[in-house]
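Colleague:
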Ligand SMILES: [Zn+2]
């Protein structure tokens, strides 16, 4: 019974994290990088992930800046640079933080 309850809690938490990231992304697209509420949504989603020990969400790993917690949207909040000979993309946030995403 406890295991079922824990699974249910985790599934609810995962749904909430996904919803929070979705809202944060839509707010960032419409209002830009300076939106504090979007950053707050990302922060809450990270808190839920650590509290319920959820596996790291793919969106959280690839589309959120670790330094300033803003959503990384190419063209509006981050710049994208290809490093073809090594096989990765550099996403540079407005705060200066860089993230490498390998595609090879
Ligand atoms: Zn940043």
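Numbering (the numbering used here), first residue to last: 8 to 111.
Each residue gets a CB set at the ideal place from its N, CA and C atoms; glycine is no exception.
Treat the numbers as computed from the prediction; the structure is a model and nothing was measured.
(1) Touching or not, the region 89 to 103 and the region 54 to 65, by the rule of three or more beta carbon pairs under 8 angstroms?
(2) Pick from 60, 111, 19, 44: whose alpha carbon is nearest that of residue 77?
(3) Given a threshold of 16 other Cβ atoms within 10 Å of its Cβ, counted over all protein chains shown, does residue 69 qualify as buried or as exposed?
(4) Compare the C-beta of residue 45 against all C-beta atoms of chain C and say whether one is closer than 7 angstroms.
(5) On the CB-based measure, 16 or more other CB atoms within 10 Å of its CB, does residue 37 come out buried or exposed?
(6) How many Å lie between residue 59 and residue 84 at the Cα?
(7) Going by CA-CA distance only, name the one from 101, 71, 102 that's closest to residue 108.
(8) Can you name, in chain order, every residue of its own chain whose Cβ lies under 7 angstroms from the Cβ of residue 111, other than the five neighbours on each side?
Modeller: A quick look at the data gives this:
(1) no
(2) In the chain shown, residue 77 corresponds to position 70, counting from 1. For residue 77, the nearest C-alpha among the options comes from 44.
(3) By one-based count along the chain shown, residue 69 stands at place 62. Exposed: under 16 other Cβ atoms inside 10 Å.
(4) In the structure shown, chain C does not exist; there is a single protein chain.
(5) The count along the chain shown starts at 1 and reaches residue 37 at position 30. Counting Cβ neighbours within 10 Å, residue 37 comes out exposed, since fewer than 16 surround it.
(6) If you number the chain shown from 1, residue 59 lands on position 52. If you number the chain shown from 1, residue 84 lands on position 77. Going from the Cα of residue 59 to the Cα of residue 84 covers about 29 angstroms.
(7) Here residue 108 refers to the residue found at position 101 of the chain shown. When only C-alpha atoms are compared, the closest one is 71.
(8) The residue labelled residue 111 in the question sits at position 104 within the chain shown. The answer, listed in chain order, is 94.
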